[in-house]
Every structure is written in structure tokens, then in C-alpha cells.
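2 protein chains.
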Amino acid sequence: MTLENKIFKNLKNKNLTLATVESATGGYLSYLLTKIPGSSTIFKGSFVVYSLDSKNKLFKLPKNLLQETQGVSKEVAAYLAEKIRKKLKTNIGISVVGFAGPTAKKGIKVGTTFLAISDKERIFVTSAVIDGSRDKVRKKTAKLAAEILYQYLKTL
Amino acid sequence: MTLENKIFKNLKNKNLTLATVESATGGYLSYLLTKIPGSSTIFKGSFVVYSLDSKNKLFKLPKNLLQETQGVSKEVAAYLAEKIRKKLKTNIGISVVGFAGPTAKKGIKVGTTFLAISDKERIFVTSAVIDGSRDKVRKKTAKLAAEILYQYLKTL
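For the record, the sequence lines run as chains A and B.
If you want my numbering, it's the 1-based position in the first sequence plus 285.
If you want my numbering, it's the 1-based position in the second sequence plus 285.
Dropping the structure here:
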């Protein structure tokens, strides 16, 4: 069974719904999570907030926090996961922010990514540095997010 | 030059910004349009509205229209393209809705898709029937949307 299938079955069995926010991955996580026919029963939607501007506009993320971090930090990831869960009224919210390259913020490695999962009781944030070309980084980051989501689902 | 590169250059030269709404393609169009480094200057964001519920919640699409069409029609595509352009304050809005399969609304072919492009003066809607597996339909539909966007940009 593919990872997408396992996630789908797990959510379905537990009667849980999901929403995502993506930045660097640009929609690829959402694409993965909707691969399975019938995903609309568990996957409610995603916001791809590609510019700082849209992060601010859609989620009212303070502009100074965004400028300081260029939208890529543990805090931003946690904030977005929590917000999308509430906005789309789902059980679980996931967010992915990062620098896909070829450039990143000064002093931070290209491929640095922060992932957050939020439910009613908890927010879980983790980070990773993914290597490869821009496209590889984006695809690998989305797959990592799906993998972390699955690990999280198994604990429920 | 790749199609994504051509679109990026064209938007950049004309100083235009873009936002998308996707249903059946699940984020793949957005992924394509953010392949190029620096895309955040032209691509402001995307809403992946995978469920009828999220179409209604985020865009206030009348529930009876959604139920009648299952969210897949010329009218829905036009409405979404216009709304996302206004929501994200961009020059251009694009939407893609469709039945990626393996099932579709009764009497409608799997792979049926409606694409709309909206700017300040016009809304342009077109439709196509894309064949192949669910994943092929989704990827081909997203590529078709990008192709139509490029043809549209050339007319500006």
C-alpha cells in the first residue's frame, strides 16, 4: 500500500479530517494527499501561501515576524497549522514552510524546512534540512510531511 | 525554455501577479507555477478547495449550485477565478475544477474539466475532457491550465 493510501485509510477509520498550509512545497503535499479517490471525505483543502504577503493577508501573521524569519521558522509553522485547522474546521492541520532554494535566508541552509501538525490538544513542530535541487527539495519535503503525518496518526 | 519559465518571464515582464484555485488537480497547478525560483514575486497563492464544503466555506458558493453541479461547471469555474483574484488582490485569477476519476457525476465523462481565467475586464472559461488514469488526468489538466494561461498571457 502506498503512503497516501495508508494515510487515507487511517484518517477514514478514525473519522478524522485534514487541512494543510504550504509554502515552499507549493501545493505538492496537497497533491499527494488527494491522490486517492474519495479523498474529499478526509481532505478539506489547502492554502498555498507562496508570498509573505499572502501569509499576512490570509492568516494575519504579524509582518515583523514574517520579515524577521522570511516566513520560515518553527513559530510560523506552528501558527499556520493551528490557523488552517480552525479556518477549515478540521481535526488536524498541517503546515510546511521552508527554503526550497536555490537561495535561503542568510545563515540558513537551503533545504531547511519546518513542519507542524496541530490537533485540538497539541501542536507538534519539527525541522529538517533536505538536500538536492529545488525540485527535489520540494518533492522530498512534501513526502517527509506525509511520512510525519502518518507516524503521528499511528499514535492516535 | 520550459512552459513554467515562459509563464514566469511573461508575468514578470508585464508586472502581473497571479492566484489560483484548484479542485481536482489538488495543488499540482500551483506546484507547477512555483517551480521557478523567485515565483513568489508573481505567484501570490492558491486555495485547494477539495471538498464541496470548503468551496462553500471559503468562497460562499451557493450550496444548491454546488450540489447540482458537484462543484464542476463553467459557472463554478468562472466564479472561483474571479473570487480568488479579488481575495488575493492579484491581476489574474485562474481556477480549475473537474472530475479526475475514477467516477464522475452521472452523465458526465471522467476527465471533464473546466478552466477559467479572470482579469479586471474579462472572464474566460473553457472546458476539456482529459483521458487517462486519475493521476494522469490530474497532471495533464494542470499542464493544460498552464498552457492556456500562457496563450492568454501572449494576447495581453
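Note that CB positions come from ideal geometry on N, CA and C, so glycine has one too.
All values reported here derive from a predicted model rather than from experimental measurement.
Check, Outcome
"Quick one: what's residue 397 of chain A bridged to in DSSP?", "A/414"
"Mind listing the chain A neighbours of residue 338 of chain B? Cutoff is C-beta to C-beta under 8 Å, in chain order.", "329"
"With respect to the alpha helix (DSSP H) encompassing residue 366 of chain A, which residues constitute its N-terminal and C-terminal limits?", "359-372"
"Please name the residue or residues paired with residue 356 of chain A in a DSSP beta bridge.", "Bridge partners of residue 356 of chain A: none, in fact."
"Just to confirm, are residue 379 of chain A and residue 411 of chain A a CB contact at a threshold of 8 Å?", "no"
"Among B/305, B/391 and B/288, which has the Cα closest to the Cα of residue 320 of chain B?", "B/288"
"Taking Cβ-Cβ distances below 8 Å as the criterion, which residues of the region 416-427 of chain A are in contact with chain B?", "419, 420 and 423"
"Below 8 Å between beta carbons: does that hold for residue 401 of chain B and residue 313 of chain B?", "no"
"With 16 other CB atoms within 10 Å as the buried threshold, where does residue 419 of chain A fall?", "buried"
"Under 8 Å between C-beta atoms, does residue 365 of chain B make it to chain A?", "no"
"So with Cβ pairs under 8 Å, would you call residue 325 of chain A a contact of chain B?", "yes"
"Put residue 384 of chain B into one of helix, strand or coil per three-state DSSP.", "coil"
"Cβ of residue 336 of chain A within 8 Å of Cβ of residue 383 of chain A?", "no"
"On the DSSP bridge assignment, give the partners of residue 305 of chain A in chain order.", "A/331 and A/379"
"Take residue 458 of chain A and list the residues in its own chain whose beta-carbon comes closer than 7 Å to its own, dropping the five residues that flank it on each side.", "Residue coverage of chain A in this structure runs from 286 to 441, which leaves residue 458 of chain A outside it and unanswerable."
"Which residues of chain B have a Cβ atom closer than 9 Å to the Cβ of residue 394 of chain A, listed in chain order?", "What residue 394 of chain A touches in chain B: nothing, since even the nearest Cβ is about 16 Å away."
"What residues in the region 367-394 of chain A bring their beta carbon closer than 9 Å to a beta carbon of chain B?", "372, 373, 374, 385, 386, 387 and 388"
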